[in-house]
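Please read the structure below before turning to the comments.
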Amino acid sequence: MAGVYVVAEHRDGAFRKVTLEAASAAKKIADELGSEVTAVVLASGMADACAELGKYGVSKVLYADDAAFAQYTTDAYANALAELLKDADVVVFGASMQGKDLAGRLAAKLDTSVAVDCTALAVEGGKVKATRPIYAGKVYADIVINAKPQMVTLRPNVFDVVEVGGQAAVETISATAGEVKTKVVDVVKDAGGKIDLTEALVIISGGRGMKDGANFEILETLAGQLNGAVGASRSAVDAGWRPHRDQVGQTGKVVTPNLYIACGISGAIQHLAGMGSSKVIVAINKDADAPIFQKADFCVVADLFDVVPAFTEEVKKLG
Amino acid sequence: MNIVVCIKQVPDTETAIKIAADGKSISTDDIKWVMNPYDEFAVEEALRFQKEQKATVTVVGAGPKRVTEALRTALAMGADKAVLIEDDGLYGADPIAIAKILAAAIKDLTPDIVFLGQRAIDDDAGVVGAALAEFLGMPQLSVVTKLSLDGDKVTVNRPVEGQTLVIESPLPAVITCQKGLNEPRYASLPGIMKAKKKPLDTKKLADLGASATGFAEVVAITPPPERAAGVTISGDDPAQMALNLAKALREQAKII
Ligand SMILES: Cc1cc2nc3c(=O)[nH]c(=O)nc-3n(C[C@H](O)[C@H](O)[C@H](O)COP(=O)(O)OP(=O)(O)OC[C@H]3O[C@@H](n4cnc5c(N)ncnc54)[C@H](O)[C@@H]3O)c2cc1C
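Each protein sequence line maps, in turn, to chains Z and F. Per this note's numbering, the very first residue in the first sequence carries number 8; after that it's consecutive. Per this note's numbering, the very first residue in the second sequence carries number 24; after that it's consecutive.
Okay, here's the thing in structure tokens:
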């Protein structure tokens, strides 16, 4: 069926925030195209949650309840979605690890293409125009997909979650998982159940200026106060102070928090590639000429070992 | 065993990027070209199988003649042979179209594993591996940080948000490599000398019955959105600076 579609992503029985962002962005596109938003939910045991997607502008939910979809696998999801989305006009995914894995395969299956990790969407001449950073954020590209469905994946935390509606109509459907060659044999949760950097709204990152892995404790304390996550520059990761999954940058994670505090990080282009589109950037560095200050909204020229603990105290006072 | 590694040649990250006169592409003058950093992990992993499984490692690249340099780098690291799909129009083309072209060239090599970097650091798209897997009719294992082989079954670690999935797949499969998988070697001087004599086969799109035309059209390339100049947080001592920062974030930025 024609229209704007959102491929919903869920974990532990709940929809993920990227899905709500995708639904909200899809609603805007659909309004401009004079169309409606349908969400496709491949899951198991999520019937009740489906109707709630209506809040974010979804008119209708196609819900396929099958044990084969409880845990995401590329094969099952791509097979089922190719069938369900073949007549769609626009398909929106979150640019999560799942969305990224799925979109390219589906584009190939449906003989179309995809604009990935977009930071803005518009409608021009009846088509979706997607904007995305390229070359480590040094330039932005506007992309139009000249085929149907026009597919886009949206960078997490960039698009607002907008509540507009009530309940969505839920239609239970059957979808074919087809031949599934890959099998998830284990799921290992990250230690401490921390917020993933790509989803964190506040990130405190440390670089070589932290001097030692143990000193990251002061960043952990601040992150605790702000309900944030701790990131790191590659220098800090290469020194063995933090695991690679904490690395922000070109060969690490691309993050888009509301607040990014860079502590003892010089601001190399490869680091900026990962955090340059954060909403508010604070840099704490004792070198007034550090390149990070050219990207920062708030510049603190000082020794981080003095300022960070004092700032943590101020945040505590704010409550 | 046959291993194929797809290689992209990209501008070195330090290179300044200039928008070309057409406003839709970048100027390729004065660019220092390198092998995509993630592809180094792909080459390294392939070389592991070359040794353990006596595999033949073929590296495949697509683009203008200059891409030969990136392929030679892989040969110097230890790959056995290279294929260049030579076409001046491929740089910046639709990644799904590129995947189709690569698939056409790779099919005849009957690979057991196809390795790629998890994404290229120029277009930052990361979709070629998935599309290639579809065109080759193989399963895909994306953004992999650990890999082990047992007969014709491969087991990989794939970190996703907040957790790591351990996934099993039969071969042949397409695998995209992430930092952490291995430590790529440097090309040694003897390696560089040997690379010059290794076979490098050049193919044209017509030989593959393929075309560079895809559906994704870049309609404009623009400078990044401007950020307002930063505010310097003043204060005679760290405590005062900390207080002023907290105030600025609360009152000005309204973020805490
Ligand atoms: C292919 C490639 C990929 C890369 N990918 C990434 C990536 O993904 N992420 C990444 O971060 N980097 C990446 N890099 C590395 C990048 O080029 C830089 O080397 C790195 O970001 C520097 O880390 P840093 O800022 O922590 O260290 P430095 O550049 O050494 O900076 C340390 C800073 O700390 C300040 N400082 C020191 N002590 C204090 C103190 N007490 N108080 C306050 N400030 C202090 C100093 O003034 C300095 O500015 C990559 C490089 C290459 C070649």
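C-beta: ideal position from N, C-alpha, C; glycine also. It should be emphasised that the depicted structure is a prediction, and the values quoted were computed from it without experimental measurement.
| field | Nearest-angstrom beta carbon gap, LEU170 (chain F) and LEU204 (chain F) [assumed within contact, 8 Å] | value | 7 Å
| request: Compute the minimum distance between the beta carbon of LYS323 (chain Z) and the heavy atoms of ligand 1, and state whether it is under 7 Å. | output: no
| query | Does ALA206 (chain Z) get closer than 8 Å to chain F when you measure Cβ to Cβ? | reply | Checking the sequence shown, residue 206 (chain Z) turns out to be Glu, not Ala. Chain F contact via Cβ: present.
| Mind checking whether VAL82 (chain F) and ILE144 (chain F) have CB atoms under 8 Å apart? | no
| Alpha carbon to alpha carbon, how far is ALA153 (chain F) from GLU227 (chain Z)? | 37 Å
| Segment limits, beta strand (DSSP E) that includes LEU139 (chain F) | 136-140
| query | List, in order along the chain, the chain Z residues whose C-beta lies closer than 8 Å to that of ARG208 (chain F)? | reply | None at all; the shortest Cβ gap to chain Z is about 17 Å.
| task | Can you grab the Cα-Cα spacing for the pair SER212 (chain Z) / ILE268 (chain Z), in whole Å? | result | 6 Å
| said: For VAL137 (chain F), tell me which candidate among F:VAL80, F:LYS217 and F:GLU206 has the shortest Cα-Cα distance. | reply: F:VAL80
| message | Please state whether the Cβ-Cβ distance between THR333 (chain Z) and SER31 (chain Z) is less than 8 Å. | response | Missing from the structure shown is residue 333 (chain Z); chain Z here goes from 8 to 326 and no further.
| Taking just the CA atoms, how far does ASP38 (chain Z) sit from ASN86 (chain Z)? | 29 Å
| DSSP state of VAL57 (chain F) mapped onto helix, strand, coil | strand
| query | How many angstroms separate the CA atom of PHE22 (chain Z) from the CA atom of ALA120 (chain F)? | reply | 33 Å
| task | Quick one: measure Cβ to Cβ for ALA71 (chain Z) and ILE210 (chain Z), integer angstroms, because I've assumed they're closer than 8 Å. | result | About 36 Å; that fails the 8 Å criterion.
| request: Check whether the Cβ of ALA297 (chain Z) lies closer than 7 Å to any heavy atom of ligand 1, and answer yes or no. | output: yes
| task | Could you tell me which residues DSSP puts in a beta bridge with MET158 (chain Z)? | result | Z:VAL98 and Z:VAL121
| request: Would you list the one or two residues that DSSP bridges to SER212 (chain Z)? | output: Z:GLY238 and Z:ALA269
| So who's on the other strand from ALA276 (chain F), going by DSSP bridges? | Partner(s): none; ALA276 (chain F) has no beta bridge.
| query | When the distance is taken between beta carbons, is LEU40 (chain Z) closer than 8 Å to VAL171 (chain Z)? | reply | no
| task | Compare the C-alpha of GLY185 (chain Z) against each of Z:VAL168, Z:ALA75 and Z:LYS145 and name the closest. | result | Z:ALA75
| message | Output needed in chain order: residues of the region 164-181 of chain F with a Cβ under 9 Å from some Cβ in chain B. | response | Within the model displayed, chain B is absent; protein chains Z and F are what it includes.
| is_contact[GLY238 (chain Z), chain F] using C-beta, thresh 8 Å | no
| message | Using only the alpha-carbon positions, how far apart do LYS218 (chain Z) and LEU311 (chain Z) sit? | response | 11 Å
| request: Kindly indicate the opening and closing residues of the beta strand (DSSP E) around PHE305 (chain Z). | output: 305-308
| said: With DSSP as the reference, identify every bridge partner of LYS270 (chain F), one or two as the case may be. | reply: Answer is none; LYS270 (chain F) lacks a bridge partner.
| query | Can you check whether the CB of GLU191 (chain F) is closer than 8 Å to the CB of LYS196 (chain Z)? | reply | no
| query | Considering only residues of the same chain and omitting the five flanking positions on each side of LYS123 (chain F), which have a CB-CB separation below 6 Å? | reply | PHE158
| task | With hydrogens ignored, establish whether the beta-carbon of GLN157 (chain Z) is closer than 7 Å to any heavy atom of ligand 1. | result | no
| By DSSP, does GLN263 (chain F) sit in helix, in strand, or in coil? | helix
| request: Determine the contact status of GLN257 (chain Z) and THR36 (chain F), defining contact as a CB-CB distance below 8 Å. | output: yes
| request: Give me the Cβ distance between THR160 (chain Z) and PRO140 (chain Z), rounded to the nearest whole Å; I'm assuming they're in contact under 8 Å. | output: Wrong, their Cβ atoms sit about 13 Å apart, outside the cutoff.
| field | 8 Å contact criterion, which CYS306 (chain Z) and GLY253 (chain F) should meet: CB distance rounded | value | 5 Å
| task | Determine the contact status of ASP96 (chain Z) and VAL11 (chain Z), defining contact as a CB-CB distance below 8 Å. | result | yes
| Quick one: Cα of HIS251 (chain Z) to Cα of ILE225 (chain Z), how far? | 19 Å
| Can you name the start and end residues of the alpha helix (DSSP H) that LEU159 (chain F) belongs to? | 151-159
| said: Using only the alpha-carbon positions, how far apart do THR187 (chain F) and VAL166 (chain F) sit? | reply: 11 Å
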